[in-house]
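Okay, so here's the structure we're looking at.
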Amino acid sequence: MRTASALFGVLVVAGSAAGEERALVLPHVEGERQGGIVGRAMACGAPEADTRRAAQAASERMRRAVGQAQWQDRFLPAFNDAVALASQLPEAACDRALAALSGLERGSTP
Numbered sequence: 084m085r086t087a088s089a090l091f092g093v094l095v096v097a098g099s100a101a102g103e104e105r106a107l108v109l110p111h112v113e114g115e116r117q118g119g120i121v122g123r124a125m126a127c128g129a130p131e132a133d134t135r136r137a138a139q140a141a142s143e144r145m146r147r148a149v150g151q152a153q154w155q156d157r158f159l160p161a162f163n164d165a166v167a168l169a170s171q172l173p174e175a176a177c178d179r180a181l182a183a184l185s186g187l188e189r190g191s192t193p
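Under this note's numbering, the residues of the sequence shown are numbered 84 to 193, in order.
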């Protein structure tokens with residue numbers, strides 16, 4: 084029930100800006116997605132500078148989109164968990180993982 088009420092709160096806030104159109108952002112979902120991209124790239128041997136730059140860019144975009152509290156409480160834990168899990172990627176998926184990292188750094192959605 085708590086999750087449903089939290090989601091409702093996010094929907095109300097997202098829909099309440101008068102005349103302002105914004106996409107609904109769920110910080111934990113984005114954290115899982117973006118953390119997975121960074122973790123897979125790390126597993127494939129992407130340069131540390133590239134993964135750090137992409138992670139920082141994604142993190143800053145999310146902080147601006149949802150605010151400090153949601154970023155810290157929802158996005159970061161999901162991001163870190165996804166990085167740890169995805170860093171165990173088999174080598175066969177590396178080309179796609181490195182392309183996704185490049186897209187994340189640019190701000191495009193894979």
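Virtual Cβ for every residue (Gly too), placed ideally from N, Cα, C.
On a predicted model such as this, the values are computed, not experimentally measured, just so you know.
Output needed for residue i: all residues of its chain with C-beta closer than 8 Å, excluding positions within five of it in sequence on either side, in chain order.
| i | result |
| --- | --- |
| Ala124 | Asp133, Thr134, Ala137, Ala180, Leu181, Ala183 and Leu184 |
| Trp154 | Pro110, Ser142, Met145 and Arg146 |
| Ala149 | Just to set this straight, residue 149 is Val in the shown sequence, not Ala. So the qualifying residues of the chain are Val108, Pro110, Arg157 and Phe158. |
| Ala152 | none |
Could you pull out every residue in the same chain whose Cβ sits closer than 7 Å to the Cβ of residue i, ignoring the five residues on either side in sequence?
| i | result |
| --- | --- |
| Asn163 | Gly118 |
| Leu90 | Residue confidence is low: Leu90 scores 40 on pLDDT, short of 50, so the model does not pin down where it sits. Its coordinate-derived value is still stated next. Around Leu90: no qualifying Cβ. |
What residue range does the alpha helix (DSSP H) around residue i cover?
| i | result |
| --- | --- |
| Ala180 | Cys177 to Arg189 |
| Ala106 | Unbroken run through Ala106: none, as it is neither H nor E. |
| Glu131 | Glu131 to Val149 |
| Asp164 | Leu159 to Ala169 |
Please tell me whether, using a cut-off of 7 Å, the distance from the CB of residue i to the nearest non-hydrogen atom of the ligand FAD is below it.
| i | result |
| --- | --- |
| Gln153 | Among the components of this structure there are no ligands whatsoever, and the ligand FAD is therefore not found. |
Which same chain residues, not among the five before or five after residue i, have their C-beta less than 6 Å away from its C-beta?
| i | result |
| --- | --- |
| Ala175 | none |
| Ala161 | His111, Gly114 and Glu115 |
| Cys177 | Cys127 |
> Between the stretch 143-160 and the stretch 107-114, do three or more beta carbon pairs fall short of 8 Å?
Replying inline: Touching, yes.
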